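Input: a single structure, listed below in C-alpha cells.
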Amino acid sequence: MTAPAGGPAVAAATPATTVASVADVPPPTVPETARGLRPGTVGSAALWALGVLLLAVYLVSMGTVTGADLNAMTGLGLVSALPAAAMIAVCGIAVLFVLSLNLRVVRPALLLFLLLATVLCLHGAAALVESEPRFSTAYLHLGFVDYIARTGHTLPQYDARWGWPGFFAVAAFLFQAGGVHNPLPVLQWSQVASQLLCLASLAVILRAIDISSRGRWLALWFFVVGSWIGQDYFSPQAFTYLLYLFFLAVLLGWFRKGGGPGTGELPARGARTGERAVLLFVLLGTFLVAVASHQLTPFVMIAATALLHLCRRSLLGIWFPVLMTVAAAAWLSYLGESYWSGHLSELFGGLGQITGNINSGVTDRVSGDPTHQDVLYLRVLLSAAWFGLAVLGLWRRRRRAIRDRVLPVLAFMPFFTLGMQSYGGEIALRLFLFSLPGVCVLAACAFYPDAAEGARRPGRAATAVLAVAAVLAVSGFGIARYGNETFERVTGGEITAMQYVYAHDTPADTVVYVGGAEFPLNTQDTERVGYQPMPSPTDPAAAPVDPRDDSAFVAALRSYGPQSYLIITQEEGADLEFNNGYPADWYAEARAALGADPRLKQVVDTPDAGLYALAAPVAGKVQVPDVGAIGPVITRTPWTATGVVLLAILFPLLLGRELMRIHRDGRVAAAGRYREWMFAVPAALLVLGFLAVVVSRFLYFANQ
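According to the numbering used here, the sequence shown is numbered sequentially starting from 317.
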C-alpha cells in the first residue's frame, strides 16, 4: 500500500485486522535539538556577531560616564547616570539570549558567552564606572580582616560579626598567602566573582533536576538577573551564600535518592561507599565553616537538609540535620557568647514575630524621597513577580504529571526565617536571596516545563513573551540593584579623608559622622579609631535640618575631646535627603557653613568629602575606643561543663551513625529496626539534654 504524501507508510490490511487511520498514528518524535526556526549555523553566527557588537557598545558607552554624571544621580540611582546606549545594549543582550534558546541546535558556547556578558553588564556596572569599590560596609569588613591579620585575635564584644569571624579569618589568610597588599581591587570585582562562583554551583544543582537543556540555561540566566539583592559584595553573607550553594550541589549531586519518570529529578549519581564517606566530611566541613561565619545561613542549611530527608529525596538520615543543629547551637551558645550575652533582645527579639519582621523587612523600608520610594516598591514588586513565575512553573510541571519535590523545598523552605530574629530589618531580603536557587529554576519551568526527554520548544508567541519578560527583568534589575547608589557608592575623597585620620590616630582618634555612616569607616586601626554619630537622644539623623546652623557640629567635636574629627560626605548628604527628608542642597550648604566657621579648620577638602577639626585645642583626654575583651569569652554557668561533655559525646556518636548509614547505602532491614530504636532513644535524650543546657545559658544571662 502506498503511503500518502508526507505521511507514514501503512501496512496492507488483512481480513483479521482493521486498518488504522493515518490520524491515529502518532507523529514521529523530533529530538529537542532538531527543532527551531532556522538552520542553527546561520542563526548562531548572526547572534554571535550581534552579541559581540552589543557588548562592545555597552563597554564603550560605559567608558563615557564621568564623575559629574554620578554626582547628578537621582532617586533612581545608577541608571539615571548611565547612557541610553548602555541600557539598550543590555536589553539587546537579553533578547539575544532568548533567541539563542530557540535555535535549531543548542549552542552552549553562544549561550555561555551571552550569560557571562549579562553577568558583566549587570553585576559589574558599578565597577566599570566608579573609581572605588562600593558599599561602606565592605570597608568595615576589610578593617576586621586587617585586625585579624595584624593581631591574630578577634573582638567579639565590639560588633556582632566578630562572634562569627570565619569569613574574616579566611580572607586574612588568603590575603597574606597571596601577598595581596592592596585589597581594593578584590572589593571592586567581588560581586562579579561571587556571581560566577554561584553559577558554577547552581549548574551542578541543575544536573539533578529533570529539565530540558534550554530550561537549564534559562534557569542560570534567571539567577543572574534575579540576584538584585546586592548581598554578593565582600561580606560574610556573600561567602556563606557560596557555601550554601556548594552544600546543595554536593547534597543533591551525590546524596539524592534516585528519581524516575514523573519525579522531576534524574536518577541518583553512582558513588562508592568510600567516596560518599569523604563527601559527607566535605558537607560537614562546609557547614562548620558557615557556622563560624554567619548567624543565619547555617539554619537555612539545616532546614534544607531536614526537608529533603522528610521528602525522601536524600540518602542522609535524620540524624545528620540533628548533628548540624547541635553544632550550630554549640557555636551560638559558647563561642558566640561574647556578643549575645549583652544583646539578647537584639539577637532574639524577632523570634516568632512574623508580622513585625515583615514590616521591618519590607514596609518600614519604603520611606523617604518619593522617587526613591518607587525603587523600594519596585523591589517588592520584583520579588512578588519572581515568586509568581515560580508558582506558574510548578503548576505547569504538575500539568505534565511531573511531581517535583526538590524544587519546592529550595524555593519555599527559606520562609521559615520570617519567624526568626529580625536581622536588622533585612529578613525579607535574605528570604528572597535563599529562595532564589529554587525560584529561578521553577521560573524557567514556566517557559520550559517539560522533562529532558521529549522536551518541546515553545512557539513564537511564547518566545515573544519570554523576550519581553527578559527585557523587563533586566530593566528591573538595574533599578532595584543600583537604586541606592546615591548613598552606597564610595568616592576617592572619602578615602582620602579617612587616610588622614589613620595617619594621625596615635594614640587614638574619634570620627563624628552624620546620616547613616555612609563612608568607608574602619578600614584599618579598629582599636585606635572610634566612630560616633551626632549626639541626640531621640533623632537617629541628628544633623541639624538647617545646614547653616553648624553649632551642633562644633558642640559634638568639643564633647568628644582632643583628636576628634567631623566627617561630612556627599553620600551622607544623599542618605539624609533620600531616607530622612532633608533638603536636596543640604550637603552643599553644610559644607559652605562649616568652611566659613572660624571655630573650625578644614584638614581635608575634596568636592565629595570634608574633614574638620576644632581650630582651638580642647582640654581633656583623648578617647580610646572601647573594643571589649580579646577573643571568645566563655562564662562558666552551672551547666556549662555538662554541655561540653554532652557535645563531646554527641558529635562523634551522630557522625558515626551517619557513616554507618552510608555504609549500608541508607537501607534499614526489618530485622534491624529494633537496633535503630536502641540508638534513637538514648541519642534523642542526649540531644535534648544538650539543647536544655543551651537554653539554660541564655536564661542565665537574661536574669543577670
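The beta carbon of each residue, even a glycine, is placed where N, CA and C say it ideally should be. Nothing here was measured: the structure is a model prediction, and the numbers come from that model.
Quiz prompt | Beta-ladder partner(s) of Pro849, from DSSP | solution = Tyr829
Quiz prompt | Sequence ranges, beta strand (DSSP E) only - wholly within the region 437 to 510, length at least 3 | solution = none
Practice problem: With a threshold of 16 other CB atoms inside 10 Å of the CB of Trp647, please say whether the residue is buried or exposed. | Solution: buried
Self-check item: Identity of the residues DSSP links to Tyr898 by a beta bridge
Solution: Beta-bridge pairing links Tyr898 to no other residue.
Exercise. Would you mind reading off the limits of the alpha helix (DSSP H) that contains Asp921?
Key: Run containing Asp921: none in the alpha helix (DSSP H); it sits in the beta strand (DSSP E), Leu916 to Thr922.
Practice problem: Tell me Thr885's beta-bridge partners as DSSP assigns them. | Solution: Ala925
Exercise. Determine contact between the region 443 to 457 and the region 917 to 930, defined as no fewer than three beta-carbon pairs at a distance below 8 Å.
Key: no
Quiz item: How many Å lie between Leu1001 and Leu963 at the Cα?
Solution: 13 Å
Exercise. Taking 8 Å as the cut-off, decide whether the C-beta atoms of Ser517 and Ala565 are in contact.
Key: yes
Quiz item: Roughly how many angstroms separate the alpha carbons of Pro753 and Leu427, rounded to a whole number?
Solution: 19 Å
Quiz item: Considering only residues of the same chain and omitting the five flanking positions on each side of Gln939, which have a CB-CB separation below 7 Å?
Solution: Ala824, Thr826, Gly846, Tyr876 and Gly877
Quiz prompt | Identity of the residues DSSP links to Leu930 by a beta bridge | solution = Leu916
Self-check item: Residue(s) in a DSSP beta bridge with Ser880
Solution: Thr826
Quiz item: Just reading off the alpha helix (DSSP H) that Gln939 is part of, what are its end residues?
Solution: Run containing Gln939: none; DSSP gives neither H nor E here.
Quiz item: What residues in its chain sit with their C-beta under 8 Å from that of Asp598, if we drop five residues either side in the sequence?
Solution: The amino acid at residue 598 is misidentified as Asp; the sequence shows Val. Contacts found: Val566.
Exercise. Would you mind working out which of Thr687, Leu394 and Gly383 sits nearest Ser791, comparing C-alpha positions?
Key: Leu394
Practice problem: Just tell me which of Ile883, Thr687 and Arg716 has its CA closest to the CA of Asn800. | Solution: Thr687
Quiz item: In or out: Trp478 buried (at least 16 other Cβ within 10 Å) or exposed?
Solution: buried
Quiz item: Taking contact to mean at least 3 C-beta pairs separated by less than 8 Å, is the region 804 to 813 in contact with the region 451 to 470?
Solution: yes
Quiz item: Can we say the region 937 to 956 touches the region 614 to 627, given the rule of at least three CB pairs closer than 8 Å?
Solution: no
Exercise. Kindly indicate which residue of Leu694, Arg973, Gly440 and Gln879 has the alpha-carbon position closest to the one of Met378.
Key: Gly440
Quiz item: Is it the case that the Cβ atoms of Ala524 and Leu568 are separated by a distance below 8 Å?
Solution: yes
Exercise. Report the rounded CA-to-CA distance for Ala909 versus Leu371, giving the unit in angstroms.
Key: 46 Å
Quiz item: Leaving out the 5 sequence neighbours to the left and right, which residues in its chain are closer than 8 Å to Met403 when beta-carbon positions are compared?
Solution: Val395, Ser791 and Gly794
Quiz item: Among the residues of its own chain, which have a CB less than 7 Å from the CB of Gly367, if the five just before and after it don't count?
Solution: Ile409, Leu412, Phe429, Leu430 and Ala433
Quiz item: How is Ile525 classed by DSSP in three states: helix, strand or coil?
Solution: strand
Practice problem: Report buried or exposed for Asn418, applying the criterion of at least 16 other Cβ atoms within 10 angstroms of its Cβ. | Solution: buried
Quiz item: Could you give the residue range of the alpha helix (DSSP H) that holds Ile545?
Solution: Neither: Ile545 is in no alpha helix (DSSP H) and is coded neither H nor E.
Quiz prompt | Validate contact between the region 899 to 907 and the region 857 to 865 using beta carbons, cut 8 Å, 3 pairs | solution = yes
Quiz prompt | Neighbourhood of Leu698 by C-beta distance below 7 Å, restricted to the same chain and skipping five residues each side | solution = Trp544, Gly792 and Ala796
Quiz item: Can Tyr881 and Tyr928 be called in contact, C-beta distance under 8 Å?
Solution: yes
Self-check item: Own chain partners of Pro481 with C-beta closer than 6 Å, once the 5 adjacent residues on each side are dropped
Solution: Thr470
Quiz item: Between Arg420, Phe636, Phe491 and Arg714, which lies nearest to Arg973 when the distance is taken from Cα to Cα?
Solution: Phe636
Quiz item: Can you tell me the Cα-Cα spacing of Met994 and Leu503, whole angstroms?
Solution: 53 Å
Quiz item: Roughly how many angstroms separate the alpha carbons of Pro998 and Leu1007, rounded to a whole number?
Solution: 14 Å
Quiz prompt | Which of helix, strand or coil DSSP assigns to Gly799 | solution = coil
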